[in-house]
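Asks:
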Amino acid sequence: MAVLKEYLLVISGLFMMPCGINGEIKISIPGSSLSTNGSIYRTWSVDRAVDGRNENPQLCECCTAILRPCSLELNLQQSYLVKRIVLKGRTDGAYLQFKNIKMYTGNDFSQMVEQPFSDVTDTVRSCVLSPPQAMQAIIVIGQREGDYMTICEIEVYRQQDCVNGTYGPECYKTCHCLEGPCDAITGTCGTGCKRGWRGAACNESEIKISIPGSSLSTNGSIYRTWSVDRAVDGRIENPQLCECCTAILRPCSLELNLQQSYLVTRIVLKGRTDGAYLQFENIKMYTGNDFSQMVEQPFSDVTNTVRSCVLSPPQAMQAIIVIGQREGDYMTICEIEVYRQQNCVNGTYGPECYKTCHCLEGPCDAITGTCGTGCKRGWRGAACNETCADGSYGTNCSLTCSAFCRNNRPCHHINGTCIEGCADGYEFSTDKTCNTPCATGLYGHNCSSTCSAFCRSNRSCHNVIGMCLYGCEDGYNFVTDNTCKTTCAAGSYGTNCALTCSEFCRNNRQCHHINGTCVDGCEDGYDFFTDKTCNTPCGHRRYGRDCSSICSEYCHNKQTCHHINGTCPNGCGDGYDFNRDKTCNATCKHRTFGKNCSMDCNCDECHHINGSCAIFKQQCDTGFKMDKDICQPCERRRFGPNCANDCHCEQCHNVNGSCALYTNYCDGGYRLENGLCKPCGQRRYGQNCSTECHCERCHNVNGSCALYSSYCDMGYRMENDLCIENSEASSKLSSFSTGAIGGGVAAAVTVTIVIIVAVVCYKRRRLNK
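The sequence shown begins at 1 in the UniProt record's numbering and counts up by one.
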């Protein structure tokens, strides 16, 4: 109860403190001693630094200046609990005189500690002490030679006075003085201690143990009726008459066995006060928890009538033995007083209650800390002062820490809170035990990351690593990035980027990563309007950019053209030039027509398909004759303009009538001359003009002279229009007739063969064209 009262005193003291208890009071320095080891500048004496004047530092009228290196030593009138020290310098710009300064403090100049400045400007240096420190001496040192150290004012602030019953830095210690306050620094009580308290600061408490009921015995002889129970009967009112004392013949021992074990703070033996002091000498004392294990306890306070043993810290004991040494006299003990420490507040036990226990209900055992009611959540052991083993928490440590505490660190032994937060994938803000996975759509550390919007099935991803549980939406590559935040690489698209952009996407196959739409449209020959992926060639009879061009209707047999460039696969229809234009939109050039424009019109202008010259009212070229509106080559044995000329051979050139290209034979009455079959000259006729007609001029074929001449050569006579030699006229006539018939038959056969050969050659030439 006394300890509880002490705690209540501290708390009530805090409420009773003035509002400025955490504030400070400026110490009045005038009257303190101030000195220096340096040379003073002119009349700028050291007392200026503590005169309380700082109204005009720019004129330096309130400052002291000391030649460096130097020290300025301030010895306060007493020791204070100092919270802050402030040094003030010049404000006229001479800031160098306020630099390279150090400060030391202490209770005397033999034990000084450097104090760093926490706030430094060109004109002010402050040192804040937290908690406040006890000090009386302050030294300010100016370093670096060749300049002055100028200090305009030293201000020292102490903590405010503590309320009665407290002392020390920030008044956090307690004292129990009989009257008035205790010393602000040491807590010493000058008026003595209140009842139940002891020590210099009267903050050590104890309770006198009620010994009656304890067992007391001796191994010695009792003097008369001075029985041992007198030493524990609590009566001490008249020790000089010895009516309250026991006396035992030495050597002897007096054994006291308390009713239970206590944490004893002090044992007091009281003797006679009538002058028989020898009966109180040569005494030793032993203590322990049982008589088998005893330890000698020295007396800390010995007079002729009182012997005290102070135990600090208190010791657990139940047995006390007082031994009277030296034979021949009595040992007289008038009273044995045993004091124990005050009861600990719940949750503490042991010497000075410095140990803790965490019982489920009520106090623990004052000495061992054993909890009879079991432990609070998170604690284990007999004294319930051992936290649950790593990995467990709660009542009887029966609960297991989450497997998802960060870094596999243990959780809080009481409530299971993961000390360093949750592992990735678990929500710490709503569940400190880290047993709750991230909500759908979240993952990672503190569930602070958002699942990709491109996770398949409603953005569901793994709560730890963000992996999309059901793969990625189209256009994102699950294989290379299972969080589905990476679009398909260039050239791929679709589910898991497994599809390849069409090779017919314009500009290097760039397509949309989701649906494969070609970003810049299709290459020529593919229909972007019906298939954005550009995998569909142009439809029937379409080609080119966006299939916007129409195949020529003049492709051969009106076939569809190539979907990219419009080329007609099997060439052009009649009248269109495939060599010049593969799309078959170019008609034949001038003077050509037909298949691949391979045929000559044989007129200046003709229809490009059928070669008709008549529609343009054109005449045929030399060697050609109009036949059904078309200029056809002259028939066999004809040549020249409109085929009006006879070439006089079985086959000749239709333009110039040359027979040499086709035959070496002319009709009878003609002979080859410069490739042409020309009529026989005068006086010649027959095959190859080999026969003489024997008249001035005769028919070139049959040699008839009658049409051209009226007389024959000499020796010849006219007979049947022929000039026949006179002597042989009849025989020659018979011979000529037979020869003429034979020659005519041979010539007819020859001409027939030549015509057949000529016709075959002519057809081959036309096919080649």
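For every residue, glycine included, the Cβ atom is placed at its ideal position computed from N, Cα and C.
With residue 793 as the anchor, note down where its beta strand (DSSP E) starts and where it stops.
Replies: Residue 793 is absent from the model: the chain starts at 1 and stops at 769.
Asks: Cβ atoms of C384 and C364: under 8 Å apart, would you say?
Replies: As a working note, residue 364 is residue 364 in the sequence shown. As a working note, residue 384 is residue 384 in the sequence shown. The answer is yes: Cβ separation under 8 Å.
Asks: What number of angstroms, rounded off, separates the C-alpha of C353 from the C-alpha of A316?
Replies: What you label residue 353 is simply residue 353 of the sequence shown in a count that begins at 1. What you label residue 316 is simply residue 316 of the sequence shown in a count that begins at 1. Roughly 12 Å separates the two Cα atoms.
Asks: With three or more C-beta pairs closer than 8 Å as the rule, is the stretch 155-173 touching the stretch 89-97?
Replies: The stretch 89-97 is not in contact with the stretch 155-173.
Asks: Less than 8 Å between C-beta atoms, sequence neighbours within five positions excluded: which residues of the same chain meet that for K102?
Replies: Position 102 of the sequence shown, counted from the first residue, corresponds to residue 102. Contacts found: E114, V140, I141, Q143.
Asks: Quick one, which of N674, C613, R697 has its alpha-carbon nearest Y711's?
Replies: As a first step, residue 711 must be located in the sequence shown, where it is residue number 711. Comparing Cα-Cα distances from Y711 to each of N674, C613, R697, the minimum goes to R697.
Asks: What separation, rounded to the nearest whole angstrom, lies between the Cα atoms of L178 and T191?
Replies: Sequence index remark: in the sequence shown, residue 178 carries index 178 (1-based). Sequence index remark: in the sequence shown, residue 191 carries index 191 (1-based). Going by the C-alpha atoms only, they are around 6 Å apart.
Asks: Please confirm if the stretch 263-271 is in contact with the stretch 330-340, defined as three or more CB-CB distances below 8 Å between the two stretches.
Replies: With the cut-off at 8 Å, the stretch 263-271 and the stretch 330-340 touch.
Asks: Looking only at DSSP bridge pairs, what is I40 linked to?
Replies: Translated into positions along the sequence shown, residue 40 becomes position 40. DSSP lists I66 as partners of I40.
Asks: Rounded to whole angstroms, what's the CA-CA distance from N482 to L129? Just pull it up for me.
Replies: Residue mapping note: residue 482 aligns to position 482 of the sequence shown, counting from 1. Residue mapping note: residue 129 aligns to position 129 of the sequence shown, counting from 1. So the alpha carbons of these two residues sit roughly 57 Å apart.
Asks: In the structure shown, what three-state DSSP assignment does E6 receive?
Replies: Stepping through the sequence shown from its first residue, residue 6 is reached at position 6. In this prediction, E6 scores a pLDDT of 41, lower than 50, which makes its location untrustworthy; the coordinate-derived value is nonetheless stated afterwards. Residue state, collapsed to three classes: helix.
Asks: Which first and last residues belong to the alpha helix (DSSP H) in which N508 is found?
Replies: Within the sequence shown, residue 508 is the residue found at index 508, counting from 1. Taken as a continuous stretch (DSSP letters only), the alpha helix (DSSP H) holding N508 covers 506-509.
Asks: For G374, which residues from the same chain have a beta carbon less than 6 Å from its beta carbon, with the 5 sequence-adjacent residues on both sides left out?
Replies: Here residue 374 refers to the residue found at position 374 when the sequence shown is read from its first residue. Correct list, in chain order: L360.
Asks: Is the stretch 285-297 in contact with the stretch 320-328, if contact means three or more CB pairs nearer than 8 Å?
Replies: Yes: at least three Cβ pairs fall under 8 Å.
Asks: Quick check on the DSSP output: what are the complete alpha helix (DSSP H) runs of length 4 or more inside the UniProt domain "EGF-like" (352-389), in order along the chain?
Replies: The UniProt domain "EGF-like" (352-389) contains no whole alpha helix (DSSP H) run of 4 or more residues.
Asks: Would you check if there are 3 or more beta carbon pairs closer than 8 Å linking the stretch 39-53 to the stretch 117-135?
Replies: Segments in contact, no.
Asks: Compare the Cα-Cα distances from Y330 to each of Y277, E296, N107 and report the closest residue.
Replies: The residue labelled residue 330 in the question sits at position 330 within the sequence shown. The shortest Cα separation from Y330 among Y277, E296, N107 belongs to Y277.
Asks: Mapping DSSP to helix, strand and coil, what is Q111?
Replies: Counting from 1 along the sequence shown, the entry for residue 111 is found at position 111. Looking at Q111 - three-state DSSP - the assignment turns out to be strand.
Asks: Quick check on D713: does DSSP put it in helix, strand or coil?
Replies: Looking up residue 713 in the sequence shown gives position 713. Of the three classes helix, strand and coil, the one that applies to D713 here is coil, per DSSP.
Asks: Using only the alpha-carbon positions, how far apart do A137 and K83 sit?
Replies: Counted from its first residue, the sequence shown places residue 137 at position 137. Counted from its first residue, the sequence shown places residue 83 at position 83. Straight-line Cα distance between these residues: approximately 14 Å.
Asks: Please report how far the alpha carbon of C551 lies from the alpha carbon of T583, in whole angstroms.
Replies: Along the sequence shown, one-based indexing puts residue 551 at 551. Along the sequence shown, one-based indexing puts residue 583 at 583. Those two C-alpha atoms are separated by around 7 Å.
Asks: Can you give the Cα-Cα distance for D604 and D621, rounded to whole angstroms?
Replies: Your numbering for residue 604 matches position 604 in the sequence shown. Your numbering for residue 621 matches position 621 in the sequence shown. So the two alpha carbons sit approximately 8 Å from each other.
Asks: From this set, N674, L676, I724, which residue's C-alpha is nearest T691's C-alpha?
Replies: Taking the sequence shown and counting its residues from 1, the one referred to as residue 691 is at position 691. The residue with the shortest Cα to Cα distance from T691 is I724.
Asks: Could you give the distance in angstroms between the alpha-carbon of residue 783 and the alpha-carbon of H176?
Replies: Residue 783 lies beyond the range of the chain shown here (1 to 769); nothing can be said about it.
Asks: Go through its chain and collect everything with a Cβ distance to E145's Cβ below 8 Å, but skip five positions before and after it.
Replies: As a first step, residue 145 is located in the sequence shown; it is residue number 145 there, counting from the start. Excluding positions up to five away in sequence, the list reads R68, P69.
Asks: Report the three-state DSSP secondary structure of L34 (helix, strand or coil).
Replies: Position 34 of the sequence shown, counted from the first residue, corresponds to residue 34. L34 falls in the strand class under three-state DSSP.
Asks: Between the C-alpha atoms of I185 and L81, what's the straight-line distance to the nearest angstrom?
Replies: The sequence position of residue 185 within the sequence shown is 185, counting from 1. The sequence position of residue 81 within the sequence shown is 81, counting from 1. Near 7 Å, if we compare the C-alpha coordinates of L81 and I185.
Asks: By DSSP's criteria, R671 is part of a beta bridge. Which residues make up the other side?
Replies: Stepping through the sequence shown from its first residue, residue 671 is reached at position 671. BP columns for R671 point to K678.
Asks: Using C-beta distances below 8 Å, list every residue in its chain close to residue 772, excluding the 5 sequence neighbours before and after it, in chain order.
Replies: Missing from the structure shown is residue 772; the chain here goes from 1 to 769 and no further.
Asks: Looking at the strands, I want to know which residues DSSP matches up with V264.
Replies: What you label residue 264 is simply residue 264 of the sequence shown in a count that begins at 1. For V264, which the question treats as bridged, DSSP gives the partners Q315, R340.
Asks: Using the three-state DSSP reduction, which class does Y526 fall into: helix, strand or coil?
Replies: For this step, residue 526 is matched to residue 526 along the sequence shown. Three-state DSSP puts Y526 in a strand.
Asks: Mapping DSSP to helix, strand and coil, what is K595?
Replies: For this step, residue 595 is matched to residue 595 along the sequence shown. K595: helix per DSSP, three-state reduction.
Asks: What are the complete alpha helix (DSSP H) segments, minimum 4 residues, inside the stretch 481-506?
Replies: The qualifying runs do not exist here; there are none.
Asks: State the DSSP-derived secondary structure class of I609, mapped to helix, strand or coil.
Replies: As a first step, residue 609 is located in the sequence shown; it is residue number 609 there, counting from the start. Here I609 sits in coil by DSSP.
Asks: Identify whether A748 lies in helix, strand or coil by the three-state DSSP scheme.
Replies: For the purposes of this step, residue 748 is identified with residue 748 of the sequence shown, where counting begins at 1. Because the pLDDT of A748 is 42, which lies under 50, any placement of that residue in the model is unreliable, and the number read from its coordinates should be weighed accordingly. Three-state DSSP puts A748 in a helix.
Asks: Going by DSSP, what residues sit across from Y685 in a beta bridge?
Replies: Taking the sequence shown and counting its residues from 1, the one referred to as residue 685 is at position 685. For Y685, which the question treats as bridged, DSSP gives the partners T691.
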